[in-house]
């Protein structure tokens, strides 16, 4: 076991995690996204996607899987993934690690968990979207074997848009 594995734990999100996870999302977004998107858009997206009730419905309905990353028993990040637009693909909808824990391999460990879980469910490819101005995340996904496959501009309501690159990666065992 290496030093990273000795200090981290990745497990499914449960109902008792929802309030802490929503607060972690707020902390991460307000540290990371200003300058890429407006604070108004941050507020709007957090309200849409990170309310404990919204997450609970996704988990309970089986629409998405949520995993939490704990480092020395402290909530440090999370990921959410769901069936993709094609039957053999899975979409990584969210992967966040608080900046206090970045650049220590924790994000890659969380991504590896998503890939393993996706393979075990029979998915053959993983895709995600990244804001075009999000250079650190773009570099992270490239370093983890993802390639840009296109771009999208999505109207998310209230005159806000997501202007993203679409990245994908094969999940075949030979690529693991």
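Residue numbers (the numbering used here): 357 to 532. For glycine and all other residues, C-beta sits at the position ideal for the given N, C-alpha and C. Please read all numbers here as calculations on a predicted model, not as lab measurements.
For residue i, three-class secondary structure by DSSP
| i | result |
| --- | --- |
| residue 374 | helix |
| residue 392 | coil |
| residue 420 | coil |
| residue 458 | coil |
| residue 364 | strand |
| residue 502 | coil |
| residue 489 | coil |
| residue 464 | helix |
| residue 429 | coil |
| residue 413 | helix |
| residue 497 | helix |
| residue 407 | coil |
| residue 470 | helix |
Cβ-Cβ distance between residue i and residue j below 9 Å
| i | j | result |
| --- | --- | --- |
| residue 441 | residue 480 | no |
| residue 382 | residue 400 | no |
| residue 422 | residue 414 | yes |
| residue 403 | residue 420 | no |
| residue 387 | residue 454 | yes |
| residue 482 | residue 436 | no |
| residue 521 | residue 507 | yes |
Of the listed residues the options, nearest to residue i (C-alpha basis)
| i | options | result |
| --- | --- | --- |
| residue 424 | 469, 486, 518 | 469 |
| residue 471 | 373, 454, 509, 526 | 526 |
| residue 418 | 488, 431, 368, 403 | 368 |
| residue 493 | 392, 382, 514 | 392 |
| residue 500 | 378, 434, 462 | 462 |
| residue 450 | 507, 373, 411, 509 | 411 |
| residue 443 | 474, 467, 432, 397 | 474 |
| residue 514 | 396, 372, 457, 380 | 396 |
| residue 433 | 373, 502, 477, 490 | 373 |
Beta-bridge partners of residue i, as assigned by DSSP
| i | result |
| --- | --- |
| residue 445 | 481 |
| residue 434 | 424, 452 |
| residue 440 | Answer is none; residue 440 lacks a bridge partner. |
| residue 524 | 483, 503 |
| residue 518 | 510 |
Neighbourhood of residue i by C-beta distance below 7 Å, restricted to the same chain and skipping five residues each side
| i | result |
| --- | --- |
| residue 334 | Because the chain in this structure spans residues 357 to 532, residue 334 falls outside the shown range and cannot be described. |
Residues near residue i in its chain [Cβ-Cβ closer than 6 Å; skip 5 each side]
| i | result |
| --- | --- |
| residue 365 | 426 |
| residue 484 | 448, 523 |
Sequence-distant residues of the same chain with beta carbon closer than 8 Å to residue i, five excluded per side
| i | result |
| --- | --- |
| residue 512 | 400, 401, 404, 518 |
| residue 509 | 517, 518, 519, 520 |
Residue i at chain B interface by Cβ criterion, 9 Å
| i | result |
| --- | --- |
| residue 503 | No chain B appears in this structure, which consists of one protein chain only. |
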